[in-house]
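Residues 15 to 140 (the numbering used here) make up the sequence shown, in order.
The beta-carbon is built from N, C-alpha and C at its ideal position, and this holds for glycine as well.
Only a predicted model underlies this, so the values are computations on that prediction, with no experimental measurement involved.
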Amino acid sequence: MASITPAIGAVIVRLVWELTTATAVGTWVIVILLILVTLSIYTFLLYFTIKPGIKRLTSRPIRIWITAIATAAIISAIIHFIRFVPSPEAASPLSVIIATLLLMASVSAYLLVVWVIWSIRKARES
15 MASITPAIGA VIVRLVWELT TATAVGTWVI VILLILVTLS IYTFLLYFTI KPGIKRLTSR
75 PIRIWITAIA TAAIISAIIH FIRFVPSPEA ASPLSVIIAT LLLMASVSAY LLVVWVIWSI
135 RKARES
């Protein structure tokens with residue numbers, strides 16, 4: 015955790031710096047969601063460093079927390095994609111193809127994470 019903390023701090027400072035220069039509401043939404051996701055992941059890692067245990071990992075509040083983190087991340091990715099495609103940065107057709115493939119991979123990974131997290135509950139109830 016000692017080596018992750020400065021890196022997370024740098025990411026948060028950079029994202030806050032982005033907020034000071036951003037004028038569009040869409041950018042604010044993306045950056046705020048990314049800050050929340052970053053802080054949540056860090057808090058999650060810190061919590062399980064202090065109190066490790068598989069029982070805690072499979073508890074309902076932790077599953078809800080992980081689902082919320084993944085949902086905020088995918089919402090941020092979708093907003094970024096919607097804003098990126100019509101922008102001048104996506105002038106190359108290859109940029110749009112790459113962005114579409116990355117979004118498809120992200121949605122697929124999101125669905126997989128949600129399925130795994132919530133299938134743990136079904137396995138525990140059986």
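query: Skipping 5 residues on each side, what residues in its chain have a beta carbon closer than 8 Å to that of Ala113?; result: Phe95, Phe98, Val99 and Ala104
query: Output needed for Ala87: all residues of its chain with C-beta closer than 7 Å, excluding positions within five of it in sequence on either side, in chain order.; result: Val51
query: Among residues of its own chain, excluding the 5 on either side of Gly40, which ones have a beta-carbon nearer than 7 Å to its beta-carbon?; result: Ile93 and Arg97
query: Ends of the alpha helix (DSSP H) at Gly23?; result: Ile18 to Thr35
query: Using the Cα positions of Ile80 and Arg74, report the straight-line distance between them to the nearest angstrom.; result: 10 Å
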